[in-house]
Amino acid sequence: MNILLELFVVTFRVLWAFVLAAAKWLVRPKEKSVAGQVCLITGAGSGLGRLFALEFARRRALLVLWDINTQSNEETAGMVRHIYRELAEAAPKVAGDGEKDVLSHCSLQVYTYTCDVGKRENVYTTAERVRKEVGEVSVLVNNAGVVSGHHLLECPDELIERTMMVNCHAHFWTTKAFLPKMLEMNHGHIVTVASSLGLFSTAGVEDYCASKFGAVGFHESLSHELKAAEKDGIKTTLVCPYLVDTGMFRGCRIRKEIEPFLPPLKPEYCVKQAMRAILTDQPMICTPRLMYMVTFMKSILPFEAVVCMYRFLGADKCMYPFIAQRKQATNNNEAKNGI
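In this note's numbering, the protein residues as written are 6 to 344.
So this is what it looks like as C-alpha cells:
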C-alpha cells in the first residue's frame, strides 16, 4: 500500500477510535455475561479481592479464590456461597433453563486455595491443582498486593523484594500459568489491579511505586503482544484506583482543604467501577476520572512544576503519616515481644 494512503487510513482509524471511546462514555455498553466461567482472583481474602469475588458471584461466575491467609479466604468463600444460595432460590422465578443448570450445583462453585503468589513455584503448583480440580481459567484477576510502609533507607531489603514479588512478579507467574489455554481458545480476560501510584509517584513509597509501575508496564506490553498475535478474543483491563479506604494506607492524607474534593475512595465504589470496565471490555479504568488528567499533566509538565503542584495539594508528603504509624506499630510489636 502506498505510504500516503496508509497514513490516511491510520489517521482515520485513530480518529474513529476517539469517536468510539467518546460514545462509550456517553452510552453505557452492554455488559457481557460471565455466568459459568471460571474466574480466579488472587488476594481474595480481604479488601478489593473479596469485593471482586462477591461481584463475580452475583454474576454467576465459578470462583477460584487464592490468598495467603487461609481463614480470611474461607470467610470470603462463605460469603460467596451465601450469594449462590440466594441466586439458586431466585432461579426458578427469574432464570432460564441454562442459568438454572449453572446454579443447581452452587455448593461446588467456589474453590479456595492457600497460595503465596510471591513464590513462583507455589503459583505454578497451585495453578496445576486448579486445572485438575476445576478446569481452565477464563477470567484472571491479578489483585494481590502488599505495602511495606518504610522510607527507602529504613526499609529492609527483604521487604523490598517481597513487595516486588507480590505486586509485580506474581503477575508474570499467574499469567504464564493460565494464558496458554486462553491463547489456544482465543478467549479469556486478564485483569491487572494496579494503582494510580503505578502511573505517577510520591515520596516515601519507592518500593510500592516501583512494583505498581512494573505491573502497569507488564500489563501494557501483554496487551500489545495479544494484539500483535491477533488474539482479539482475549481481553485485558488495567485498574488504577486512587487511594482506596481499605486500611492498607491508613493515615495517608493530602491537604485538609483539598481532601473534601478528593477523599479516599470507598472500596465498594472502586470495585463497581472496575467491574463495569471489565464486563464492557474497557482496556483501562482510572478512578476517579481526575486521575487521567493527573497522569497526562505529569507527562507534559516540567518536573519542578509537578513538585509545585504536589506541594500545593499536600501530595508530596501525604504518605508520611502512614509511614509514621507503621513505624510506631512495628516498635510496639518489638517492645511487646521483648525484642
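Cβ coordinates follow ideal geometry from the N, Cα and C atoms, glycine included.
If you draw a straight line from the alpha carbon of residue i to that of residue j, how long is it in whole angstroms?
i: residue 218; j: residue 94; result: 44 Å
i: residue 180; j: residue 139; result: 17 Å
i: residue 188; j: residue 325; result: 44 Å
i: residue 236; j: residue 191; result: 6 Å
i: residue 14; j: residue 43; result: 39 Å
i: residue 344; j: residue 312; result: Note on residue 344: pLDDT 44, under 50, position unreliable in the model; the coordinate value appears next. Between residue 344 and residue 312, the C-alpha separation is close to 40 Å.
i: residue 46; j: residue 54; result: 7 Å
i: residue 25; j: residue 302; result: 24 Å
i: residue 115; j: residue 276; result: 20 Å
i: residue 255; j: residue 327; result: 6 Å
i: residue 286; j: residue 317; result: 36 Å
i: residue 48; j: residue 298; result: 29 Å
i: residue 171; j: residue 123; result: 4 Å
i: residue 18; j: residue 167; result: 43 Å
i: residue 20; j: residue 227; result: 24 Å
i: residue 195; j: residue 178; result: 13 Å
i: residue 248; j: residue 272; result: 9 Å
i: residue 310; j: residue 279; result: 31 Å
i: residue 141; j: residue 135; result: 8 Å
i: residue 212; j: residue 91; result: 42 Å
i: residue 257; j: residue 214; result: 15 Å
i: residue 202; j: residue 307; result: 19 Å
i: residue 222; j: residue 9; result: 32 Å
i: residue 267; j: residue 41; result: 38 Å
i: residue 304; j: residue 86; result: 45 Å
i: residue 7; j: residue 208; result: 50 Å
i: residue 265; j: residue 300; result: 21 Å
i: residue 332; j: residue 294; result: 33 Å
i: residue 145; j: residue 16; result: 34 Å
i: residue 133; j: residue 234; result: 25 Å
CB-CB under 7 Å to residue i, same chain, minus the five flanking residues each way: which ones, in chain order?
i: residue 197; result: 147, 176, 220, 224, 243 and 244
i: residue 319; result: 259, 260 and 263
i: residue 77; result: 50 and 51
i: residue 82; result: 70, 115 and 117
i: residue 84; result: 59
i: residue 12; result: none
Using only alpha-carbon positions, find the residue among the options that is nearest to residue i.
i: residue 64; options: 137, 284, 290 and 300; result: 284
i: residue 75; options: 83, 308, 118 and 85; result: 118
i: residue 230; options: 310, 114 and 184; result: 184
i: residue 150; options: 134, 169, 133 and 295; result: 169
i: residue 253; options: 71, 134, 12 and 153; result: 153
i: residue 38; options: 67, 18, 19 and 48; result: 67
i: residue 281; options: 34, 8 and 294; result: 34
i: residue 121; options: 7, 73, 239 and 145; result: 73
i: residue 199; options: 257, 165, 289 and 125; result: 289
i: residue 204; options: 232, 234, 241 and 246; result: 246
i: residue 137; options: 182, 307 and 306; result: 182
i: residue 314; options: 222, 233, 206 and 293; result: 206
i: residue 330; options: 156, 232 and 265; result: 156
If you drop the 5 nearest sequence neighbours on each side, which residues of the same chain put their C-beta closer than 6 Å to that of residue i?
i: residue 173; result: 216, 219 and 220
i: residue 22; result: none
i: residue 193; result: 143, 187 and 239
i: residue 210; result: 324
i: residue 269; result: 248 and 250
i: residue 165; result: 212
Under 8 Å Cβ to Cβ from residue i, same chain only, skipping five residues before and after it: list those, please.
i: residue 79; result: 117
i: residue 88; result: 59, 62 and 63
i: residue 125; result: 174 and 178
i: residue 274; result: 292
i: residue 321; result: 207, 208, 312 and 315
i: residue 241; result: 194, 195, 196, 197, 224, 227, 228, 231 and 288
i: residue 36; result: 281, 284 and 285
For chain C, find out if any of its Cβ atoms is closer than 8 Å to the Cβ of residue i; answer yes or no.
i: residue 46; result: In the structure shown, chain C cannot be found, because there is only a single protein chain.
Say whether the segment 124-134 touches the segment 23-39, bearing in mind that this needs 3 or more beta-carbon pairs closer than 8 Å, one atom from each stretch.
Because the criterion of three Cβ pairs below 8 Å is not met, the segment 124-134 and the segment 23-39 do not touch.
Which runs of the beta strand (DSSP E), 3 residues or longer, sit entirely within the segment 35-111?
Taking only runs of at least 3 residues, the beta strand (DSSP E) segments lying wholly in the segment 35-111 are 43-47 and 67-72.
Entirely enclosed beta strand (DSSP E) segments - the segment 234-292, minimum 3 residues:
The segment 234-292 contains these whole beta strand (DSSP E) runs: 239-246 and 289-292.
Is the segment 51-69 touching the segment 157-165 in the sense that three or more CB pairs, one from each, lie closer than 8 Å?
Proximity of the segment 157-165 to the segment 51-69 falls short of the contact definition, fewer than three beta-carbon pairs being nearer than 8 Å.
List, from N- to C-terminal side, the beta strand (DSSP E) runs of 3 residues or more that fit wholly inside the segment 122-159.
If we require 3 residues or more, the beta strand (DSSP E) runs fully inside the segment 122-159 come out as 144-147.
Extract the residue ranges of the alpha helix (DSSP H) inside the segment 162-212, only unbroken runs of 4 or more that lie entirely within it.
Segments of the alpha helix (DSSP H) lying fully in the segment 162-212: 162-169 and 175-190.
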